[in-house]
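Below you'll find the structure, written out as structure tokens, and then a few comments.
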Amino acid sequence: MSINKRNFAHLTSRINLLDPSSTSRRELLLLTNAAITDLEQMSLPEDDRRVALNTQSDDDVTRLALEAENTLSQWRHSLRETYMALLDRITTIPFQSGPEHQSELAKVTQSLQSSIVLLKDLAAEDRGSIYFQPFKESDIGRKKLAKAIRSAHEQVGNNISEARPIIDAEMTLAYRENLDKYLDEQFPVTHDDELRPTLNHKEALILAHEFYDTMDSHSDLPDCATRIAAFVCECQNAQRFNLPAIEGIATAPYWEQRIVENFENAPLLEDYDHLMFRGSTLQDELPVDGVLRTLDNAGRAMPLNPANPVIYYLDDLDDPEICQRLIELGQTDENCILVIRGHDGTPITVTNHSPDIPDTFRVVCPNHAGMVVRCPNNGFDPVAAGTTDRLDAINKAAQMAPRLIDYQATEEALERISEKWRSLVANSTPSNSEKLSQGIEALTKELQSVSPGIIVPEYSADANAGAAQQLVDALIRTGAYENSGISLEMRLPNGAGTVMDAEPPHTCITFHTKEDRATTDIEIKSLSGKQLHYLPNISTHEANEVARKAASEHGNRTGIKNNYFPHGFMTFHLTEGGEQAHSIGHWISDEDRKALTEKTPTQLAHSKVKGEPLLGAPDRDAQQQAIHKMGGTAAMIHGSTLDDFDLALAGEMALSGVVMLEVDAEDQFGCLKFNMREEAYYRLSNEDLKRHLQQKIVLSDAGEKLQEQMCSRIGEGHWSSAISDMDRAFEEVELSQSESSMRVS
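Numbering (the numbering used here), first residue to last: 2 to 746.
This is the structure we're talking about:
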């Protein structure tokens, strides 16, 4: 179905006339959905799935990426994403929205209005739109249709099968009686040749088909065709519109053939339906400039070959010709960049890693570092089988790729999660503890999704350490810190682990340079540690060449340790006889990767950065303050409900990390209680510490009334007062015990 230019103009006018201060949720939802429908029904030119870039240098590539402009299809995708986001915002507003929601409605209205210029620009490029409204969609037709529906309902009620003939009969009569009015509305007579519209073939068929449907009888084919020809010619002669320049369109034989074909499959009729929105393409989601930025972000170890790259968007991997592109990658002289859709739906770029290393590809996803994977071409037959093998290897590499480092984005994400936690605790009560529990679980998953953007602290810089500390603090706030079953997946340093585990080096080379630096001992081992060669006293100048040739006897991949990151190996492809070595990347076994990157919250907290504890050691004042707050916790939650002896007992337990909700000196172990980690007192602000306590209480087994009382005391309490009350209780008990001792003596 194509968009109607008149309906579209009416829609954009309605949107522009909206008053942001008084727009209703219902109207905004209706108009946004209508805009999406028209946007999807526009027939816009398809993008070329092969894009050849005329570049020779890195500067050329940078310039092209900066100057690249969106295609019409990409603009549609972008605008549709905007509209879908607006719908999400609208649907979060309650149906019975009040004045407090008008601000958000106004913002959405303004966003919708600001999109109209682009929407109109896209509509101007629509190849399949029609100029006029069919009778049922016109102002006259809609009124008559509403009347016909009411009439049918009065006669047969809600029986649709009986109502349809009644409605059709009334609409046929309405068309005949109002044909001149309808034509005046849609095609007013004009003597100005420039203003008079010229119908396209599709519009002529729609107009003729509607006229044909309202005839009394369709039994006399030649007569029906003659009447259609007379009708369209009469409209043209009356200067309502011009007929399209199609041979015979003003004659009965032409329309006789169209009737036989049910007004379909007409010769010369261009069908643009395939140009309507059929779902986002790879090129919509990752335009040319996005491809170039993605590859540029892969890192210095994986520079893009700037010599006339050709980008292929492989949307349909069921197409044998497209499959062939994937199989032939790296085997032709063309500098190919393939874009495919991963198993999870995200775009993946695939390029040949190096012309000197056969069947080895570089896999890079947007906002991720690059990975290197080897996909040998074993003479795949049929092509599809080889494609499946390569796709599986490529997808596995994409899943292993670490996220690009963006400390600011990571810290902002952690702060948003912490704010969500504060809001969650503030809106939780003992009666909805299940909601709090579910919320904490969801926030824990969010924290786990953030951790892959943080480098393992042992091999990171100060900026990364700040993000790691912030993650630990967020884990402490939510209580996830105490859950040893939680695993945090972190990332390796830039450049580490870029080669898939399935492609280990065949040999490992170690150079032992002598003190005089003139000679070097070379040791070559297998990956399992078996010594293959020991070559002493080799000239340092010749050491690399000697090592290459010796290692090549045992395979074409060798590795060398990296001093900064002593796990895994920098790997190289050796040409025949070890004449040359070409860098592949850094290989690390999956076992070592997991040991380094998978941490529990406490393991992360106890990590070291440059030999120093990640969380640092609190100074003496901070230690004293934390100890005071630990003891003061008992006074904070119990208030004046305990005598000095019981409060002192609860305080002593709190100092050991156990918070008693019930105090019974005779049954301390049977009392309701929960554990508090010492780190919470060091790391959390006073207010967050109070929220953390409230969370613990609401999730405890204490009764709802007791929970409410304790949470209320915490909310109204102050740490200074609680610490003072605790100190007083300790002093009173100590004084009482001292007096008792004196009396006994």
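Here a beta-carbon is modelled for each residue, glycine too, at the ideal position from N, C-alpha and C.
Taking the C-beta atoms as reference points, G556 is found nearer than 7 Å to H507.
Between the region 321-336 and the region 84-102 there are fewer than three C-beta pairs closer than 8 Å, too few to call the two in contact.
In this chain, the alpha helix (DSSP H) harbouring T603 covers P602 to A606. Taking 7 Å as the cut-off, the beta carbon of G704 is found no closer than this to the beta carbon of M677.
Of the candidates I131, P21 and S79, I131 places its Cα closest to the Cα of F9.
Exclusion of the five residues before and after E733 leaves D645 as the residues of its chain whose Cβ lies within less than 7 Å of its Cβ. Using a Cβ distance threshold of 7 Å, T361 and H354 count as a contacting pair. The C-beta of T642 has fewer than 16 other C-beta atoms within 10 Å across all chains shown, which makes the residue exposed.
Here N55 has N309 as same chain residues with Cβ atoms under 7 Å from its own Cβ, once five neighbours each way along the sequence are excluded. Given a length threshold of 4 residues, each whole run of the alpha helix (DSSP H) inside the region 655-696 is given here in chain order: 679-684. In this model, S485 and G454 are separated by some 21 Å (Cα to Cα). Just so you know, the alpha carbons of D728 and E680 end up roughly 22 Å apart. For the region 307-337, the continuous alpha helix (DSSP H) assignments of 4+ residues that do not extend past its boundaries occur at 321-329, in sequence order. Distance check between F512 and each of S540, P458, A503 and G99 places S540 closest, using alpha-carbon atoms only. With distances taken between CA atoms, G343 lies nearest to K397 out of G371, D334, Y313 and K397. Shown here, L339 sits in a strand according to DSSP, grouped into three states. Nearest neighbour of T559 by Cα position, chosen from L30, R549 and Y565, turns out to be R549.
Annotated three-state conformation of H513 is strand, per DSSP.
Here L113 is buried, its C-beta having at least 16 other C-beta atoms within 10 Å.
Excluding sequence positions up to five before and after N538, its CB lies within less than 6 Å of the CB of T520, all in the same chain and listed in chain order. Under the Cβ criterion (8 Å, minimum of three pairs), the region 190-201 counts as touching the region 235-255. Minimum Cα-Cα distance from I406 among the listed residues K436, T389, L392 and G371 corresponds to G371. Counting of Cβ neighbours within 10 angstroms places H719 among the exposed residues, the total staying below 16.
Here G633 is buried. Its C-beta has 16 or more other C-beta atoms within 10 Å. At a cut-off of 3 residues, the continuous stretches assigned as beta strand (DSSP E) that sit fully inside the region 547-575 are 558-561 and 570-575. Between the C-alpha atoms of Q400 and N336 there is a straight-line separation of about 25 Å. The count of Cβ pairs closer than 8 Å, one atom from the region 152-171 and one from the region 203-212, stays below three, leaving the stretches out of contact. In the three-state DSSP reduction, M216 falls in the coil class, being neither helix nor strand. Its Cα nearest to that of N71, the residue D48 stands out among E82, R259, S58 and D48. If one requires a minimum length of 3 residues, the beta strand (DSSP E) runs lying completely within the region 30-65 are 51-53, in chain order.
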